[in-house]
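A.B. asks: Chains as they are written, first to last, in the working numbering: chain A, 30 to 236; chain B, 30 to 236.
Protein chains: 2
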Amino acid sequence: MRKSEIRERILEYIKYFFDERGYAPTVRDILKGCNVSSTSLVQYHLNVLEKEGQIRRDPEVFRSIQLVERNVREVPLLGTISAGEPIPVVDADTWSNRAEETLRVTTDIVGGKGDIYALKVKGTSMLDALINDGDVVIMEAAQTAEDGEMAAVWLKNEQEVTLKKVYREPGRIRLQPANSEMKPLYTGSENIEVQGKVVAVLRRLDR
Amino acid sequence: MRKSEIRERILEYIKYFFDERGYAPTVRDILKGCNVSSTSLVQYHLNVLEKEGQIRRDPEVFRSIQLVERNVREVPLLGTISAGEPIPVVDADTWSNRAEETLRVTTDIVGGKGDIYALKVKGTSMLDALINDGDVVIMEAAQTAEDGEMAAVWLKNEQEVTLKKVYREPGRIRLQPANSEMKPLYTGSENIEVQGKVVAVLRRLDR
DNA sequence: TGTTCTATAGAACACTCGTTTAACAGGAGG
DNA sequence: CCTCCTGTTAAACGAGTGTTCTATAGAACA
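So, in structure tokens, the structure goes:
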């Protein structure tokens, strides 16, 4: 199945329509919205999209089109993060079974791609990352980080995790706190192990 | 309008149906699902629910019922917050019309009640509240704060807003930074003006 | 006792909308 | 050249569905 410009448009329109109105468009809504000239042409493309797994429909049910990729993600809360211990390793098993709790978060906040999970911060050891006791960090599994990305870094000598921006420099690694008033930490590249990238930080104050 | 057992059931069924299927039920779905015996009875109760503001419908559009109380809230981003200027005053007008942008956030994070709005933080003046340049704070309109609540406080003498936990003490007010390593600020109660309560802090690091 | 409001029932109307069918054009490949 | 696949058009069927209308009944109230 090769990509088709009109199908992309239809897919985009379905998303737009749902965001705007809160329910799915009909075949004829799509017809008007995408400047298509025949209901059966829309039907044809919808069938293709359904076969591709991009949408789901219930036969004969009006307005039952649903995008398979959704607006809200379920993020598993997999444990805690504190200075003294490495963050939990995520594999298929922990990811699906060991979740204490599930956080429902919009893709506005966490983006749409990649396996992500959440950790609750224990203690105040990450104040220099502007992260407080009780905050929740949303992580993406990763073994490396690009320059400037905020990552969870395991410092082997210190036996500590820390959340810092990572920069490669000649002969050393610079770990920069989010708090611009604080000084960076320098260490050798053999001393660090990236355990994940920080995607977002969530702090709830009302309860 | 007094509460009606059947309307409660209908409301619950709409939620159940939507969670289950991803789209709203028709009048006749509700009829079957709630053991009601007439479409016009369903219609009658739907009209009441709509008048009560519990649901929203588009006339003549199939499956357009939506629960007004949602899983996702639209939070208007009303402006910026920085040390040097008071935060924008919210009234019905600003709330509905002046939003630069709308943030979609789950009720998991911001709770379900009260008028809330979002402000983008400009500058690093709120580092002591563990809030960085570019973070988004979600606020609830309020003129007062209970002891221990995080609030946006306007300091009259200093001509500054600051985000602190507020504690009333004999003859003075203690303003406690979120960062437990920092010292509190003391001031007279006549010097402060609570402009809102902080409901949540949002930080996005991926982009 | 009449009036009004809420709650209910059954039936019917008219439009909406998923689906089907038949037909045609262009390109790819043998 | 023929065949197959994708993309397209037009028209129509018939079930799904929001809506409306009429009628009934009990409760509250004056």
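Ideal placement from N, C-alpha and C gives every residue a C-beta, glycine not left out.
#1: What residues in the segment 65–80 of chain B bring their beta carbon closer than 9 Å to a beta carbon of chain A?
#2: Return the first residue and the last residue of the beta strand (DSSP E) that A/Gln-172 is part of.
#3: Given a cut-off of 8 Å on the beta-carbon distance, is the pair B/Ile-138 and B/Met-168 in contact?
#4: Give the single residue among B/Leu-148, B/Lys-185, B/Thr-135 and B/Gly-82 whose Cα lies nearest to the Cα of B/Gly-108.
#5: Hey, how far is the Cα of A/Asp-87 from the Cα of A/Arg-102?
#6: Does the segment 51–69 of chain B touch the segment 181–199 of chain A, meaning 3 or more C-beta pairs lie closer than 8 Å?
#7: Could you name the residues of the same chain whose beta carbon sits closer than 7 Å to that of B/Arg-36, not counting the 5 residues immediately before and after it, in chain order?
#8: Which whole-angstrom value describes the C-beta separation of A/Ile-213 and A/Gln-205, a residue pair presumed to lie in contact below a C-beta threshold of 8 Å?
#9: Mind pulling the chain A residues with CB within less than 8 Å of B/Met-179?
#10: Is the CB-CB distance between A/Val-227 and B/Leu-234 below 8 Å?
#11: Using the rule of at least 16 other Cβ atoms within 10 Å of the residue's Cβ for burial, across every protein chain shown, is B/Arg-197 buried or exposed?
#12: Is A/Ala-171 close to chain B, meaning its C-beta is less than 8 Å from at least one C-beta of that chain?
#13: From this set, B/Ile-221, B/Asn-64, B/Gly-163 and B/Leu-60, which residue's C-alpha is nearest B/Gln-72's C-alpha?
#14: Would A/Gly-225 be called buried (16 or more neighbouring beta carbons within 10 Å of its own) or exposed?
#15: Decide if A/Asp-176 is buried, meaning its Cβ has at least 16 other Cβ atoms within 10 Å, or exposed.
#16: Classify A/Asn-64 as buried or exposed, calling it buried when 16 or more other Cβ atoms lie within 10 Å of its own Cβ.
#17: Alpha carbons only, please: which of A/Asp-58, A/Gly-217, A/Ile-110 and A/Ser-67 is nearest the one belonging to B/Val-90?
#18: For the candidate residues A/Val-150, A/Ala-174 and A/Arg-201, whose alpha-carbon lies nearest to that of A/Thr-216?
#19: With a 10 Å radius around its C-beta and 16 neighbouring C-beta atoms as the bar for buried, classify B/Asp-48 as buried or exposed.
#20: If we ignore side chains and look at the alpha-carbon of each, how far apart do A/Asp-162 and B/Arg-38 end up?
#21: In whole angstroms, what is the alpha-carbon distance linking B/Leu-96 and B/Pro-105?
#22: Candidates B/Glu-219, B/Lys-194, B/Asn-220 and B/Ile-160: which alpha carbon is nearest A/Arg-232's?
#23: Does chain A have any CB closer than 8 Å to the CB of B/Gly-152?
#24: Alpha carbon to alpha carbon, how far is B/Ala-229 from B/Arg-92?
#25: Assuming B/Asp-157 contacts B/Asn-208 under a Cβ cut-off of 8 Å, what Cβ separation, rounded to an integer in Å, is found between them?
#26: Does any C-beta atom of chain B lie closer than 8 Å to the C-beta of A/Gly-51?
#27: State yes or no: is the beta carbon of B/Leu-156 nearer than 8 Å to at least one beta carbon in chain A?
#28: Alpha carbon to alpha carbon, how far is B/Lys-80 from B/Ala-171?
#29: Using a threshold of 8 Å, state whether the C-beta atoms of B/Val-190 and B/Ile-94 are closer than that.
#30: At the level of alpha carbons, what is the spacing between A/Thr-153 and B/Tyr-45?
#31: Pop quiz: A/Thr-135 and B/Val-166 are said to be a contact at Cβ under 8 Å. What is the actual Cβ separation, rounded to whole angstroms?
#32: Is A/Ile-94 helix, strand or coil by DSSP?
#33: Would a C-beta distance cut-off of 8 Å place B/Glu-178 and B/Val-150 closer than the cut-off?
#34: I need the boundaries of the beta strand (DSSP E) containing A/Val-65, first residue and last residue.
#35: Between the segment 216–233 of chain A and chain B, which residues of the former have a C-beta closer than 7 Å to a C-beta of the latter?
C.D. replies: The relevant details are as follows:
#1: Under the 9 Å Cβ criterion, the segment 65–80 of chain B contributes no residue.
#2: Taking the first sequence and counting its residues from 1, one reaches residue 172 of chain A at position 143. It is not in any beta strand (DSSP E) - A/Gln-172 carries neither H nor E in the DSSP assignment.
#3: Counting from 1 along the second sequence, the entry for residue 138 of chain B is found at position 109. Counting from 1 along the second sequence, the entry for residue 168 of chain B is found at position 139. In this structure, B/Met-168 does not lie closer than 8 Å to B/Ile-138 by Cβ.
#4: Here residue 108 of chain B refers to the residue found at position 79 of the second sequence. With distances taken between Cα atoms, B/Gly-108 lies closest to B/Leu-148.
#5: Residue mapping note: residue 87 of chain A aligns to position 58 of the first sequence, counting from 1. Residue mapping note: residue 102 of chain A aligns to position 73 of the first sequence, counting from 1. So the alpha carbons of these two residues sit roughly 23 Å apart.
#6: No contact exists between the segment 181–199 of chain A and the segment 51–69 of chain B.
#7: Residue 36 of chain B sits at position 7 when you count from the first residue of the second sequence. If we look at B/Arg-36 and ignore the five residues flanking it on each side, its Cβ neighbours are His-74, Val-77 and Leu-78.
#8: Counting from 1 along the first sequence, the entry for residue 213 of chain A is found at position 184. Counting from 1 along the first sequence, the entry for residue 205 of chain A is found at position 176. Before going on, a small fix: residue 213 of chain A reads as Pro here, not Ile. Yes, A/Pro-213 and A/Gln-205 are in contact; Cβ-Cβ is about 5 Å, under 8 Å.
#9: As a working note, residue 179 of chain B is residue 150 in the second sequence. The answer, in chain order, is Leu-234.
#10: By one-based count along the first sequence, residue 227 of chain A stands at place 198. By one-based count along the second sequence, residue 234 of chain B stands at place 205. Yes. Within cutoff.
#11: Counting from 1 along the second sequence, the entry for residue 197 of chain B is found at position 168. With fewer than 16 other Cβ atoms inside 10 Å of its own Cβ, B/Arg-197 counts as exposed.
#12: Sequence index remark: in the first sequence, residue 171 of chain A carries index 142 (1-based). Judged by the 8 Å Cβ criterion, A/Ala-171 is not in contact with chain B.
#13: Position 43 of the second sequence, counted from the first residue, corresponds to residue 72 of chain B. Checking every option, the nearest Cα to that of B/Gln-72 belongs to B/Leu-60.
#14: Taking the first sequence and counting its residues from 1, one reaches residue 225 of chain A at position 196. So A/Gly-225 ends up on the buried side.
#15: As a position in the first sequence, residue 176 of chain A is number 147, starting the count at 1. Counting the other Cβ atoms within 10 Å of the Cβ of A/Asp-176 gives fewer than 16, which makes it exposed.
#16: The residue labelled residue 64 of chain A in the question sits at position 35 within the first sequence. Classification of A/Asn-64: exposed, given that the 10 Å Cβ count is below 16.
#17: For the purposes of this step, residue 90 of chain B is taken as the residue at position 61 of the second sequence. By alpha-carbon distance to B/Val-90, the top candidate from A/Asp-58, A/Gly-217, A/Ile-110 and A/Ser-67 is A/Asp-58.
#18: Within the first sequence, the letter at position 187 stands for residue 216 of chain A. Of the listed residues, the one whose Cα sits closest to A/Thr-216 is A/Arg-201.
#19: In the second sequence, the residue the question calls residue 48 of chain B occupies position 19. Counting Cβ neighbours within 10 Å, B/Asp-48 comes out exposed, since fewer than 16 surround it.
#20: Here residue 162 of chain A is taken as the residue at index 133 of the first sequence, counted from 1. Here residue 38 of chain B is taken as the residue at index 9 of the second sequence, counted from 1. Roughly 41 Å separates the two Cα atoms.
#21: Translated into positions along the second sequence, residue 96 of chain B becomes position 67. Translated into positions along the second sequence, residue 105 of chain B becomes position 76. If I take the Cα positions, the gap works out to 20 Å.
#22: The count along the first sequence starts at 1 and reaches residue 232 of chain A at position 203. Per the Cα distances, B/Ile-160.
#23: Translated into positions along the second sequence, residue 152 of chain B becomes position 123. Closer than 8 Å: no.
#24: Numbered from 1 along the second sequence, position 200 holds the residue referred to as residue 229 of chain B. Numbered from 1 along the second sequence, position 63 holds the residue referred to as residue 92 of chain B. Cα-Cα distance, rounded: 34 Å.
#25: Counting from 1 along the second sequence, the entry for residue 157 of chain B is found at position 128. Counting from 1 along the second sequence, the entry for residue 208 of chain B is found at position 179. Contact between B/Asp-157 and B/Asn-208 holds, with the beta-carbon distance rounding to 5 Å and staying under 8 Å.
#26: The sequence position of residue 51 of chain A within the first sequence is 22, counting from 1. With 8 Å as the cut-off, A/Gly-51 counts as an interface residue toward chain B.
#27: Residue mapping note: residue 156 of chain B aligns to position 127 of the second sequence, counting from 1. Residue contact check for B/Leu-156 against chain A: a CB pair falls below 8 Å.
#28: Taking the first residue of the second sequence as position 1, residue 80 of chain B is located at position 51. Taking the first residue of the second sequence as position 1, residue 171 of chain B is located at position 142. B/Lys-80 and B/Ala-171: Cα-Cα distance of roughly 28 Å.
#29: The residue labelled residue 190 of chain B in the question sits at position 161 within the second sequence. The residue labelled residue 94 of chain B in the question sits at position 65 within the second sequence. Between B/Val-190 and B/Ile-94, the CB-CB gap reaches or exceeds 8 Å.
#30: Counting from one through the first sequence, the residue named residue 153 of chain A turns up at place 124. Counting from one through the second sequence, the residue named residue 45 of chain B turns up at place 16. In a straight line, the C-alpha of A/Thr-153 is about 41 Å away from that of B/Tyr-45.
#31: What you label residue 135 of chain A is simply residue 106 of the first sequence in a count that begins at 1. What you label residue 166 of chain B is simply residue 137 of the second sequence in a count that begins at 1. Contact annotation, A/Thr-135 with B/Val-166: C-beta distance approximately 17 Å; criterion of less than 8 Å not satisfied.
#32: For this step, residue 94 of chain A is matched to residue 65 along the first sequence. Of the three classes helix, strand and coil, the one that applies to A/Ile-94 here is coil, per DSSP.
#33: Looking up residue 178 of chain B in the second sequence gives position 149. Looking up residue 150 of chain B in the second sequence gives position 121. The Cβ atoms of B/Glu-178 and B/Val-150 do not sit closer than 8 Å to each other.
#34: For the purposes of this step, residue 65 of chain A is identified with residue 36 of the first sequence, where counting begins at 1. That residue, A/Val-65, is in no beta strand (DSSP E); it is neither H nor E in DSSP.
#35: Taking 7 Å as the Cβ-Cβ cut-off against chain B, the residues of the segment 216–233 of chain A that qualify are Val-227, Val-228, Ala-229, Val-230, Leu-231, Arg-232 and Arg-233.
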